[in-house]
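Some notes on the structure that comes next.
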Amino acid sequence: FKPPEELSALVVMELLYYYALAHQDSFDVRWMRSGTVQSSIIFPLAKKLREEKGLNVKGGCRVKEVKLGECGDVAAVEYTEGGEAKVIDKPTGVALAL
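Its first residue numbered 325, the sequence shown is counted upward by one per residue in my numbering.
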């Protein structure tokens, strides 16, 4: 078991999918017929954001720290990608997601 702050949102969604599926009589939802959350929702959304909005989507990364500036704006984002520590200074915007 890991503390919640060490779990990615994707893992949490996959676990929810697994446990809710085991108790589907208790839920009024529709399940995907094929594929996974990642292949059916996350990848297409990331592709669209890259192609249509020019966003830099960082998949497979883990955010270490979001540093705030004096006005409460995001001054920098420290993250790891493939085990390597990286920093984005003065981003124009940040959206933390799955």
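All C-beta atoms, glycine included, are put in the ideal place defined by N, C-alpha and C.
9 angstroms or more divides the Cβ of Val390 from the Cβ of Val411. Within the segment 358 to 384, no beta strand (DSSP E) run of at least 3 residues lies entirely inside it.
Note that the C-beta distance between Lys388 and Ala409 is below 9 angstroms. Here the alpha carbons of Val361 and Met337 stand approximately 8 angstroms from one another. When secondary structure is reduced to three states using DSSP, Glu389 falls in the strand class. In the structure shown, the three-state DSSP call for Glu394 is coil. Assigned with DSSP and collapsed to three states, Val336 falls in helix.
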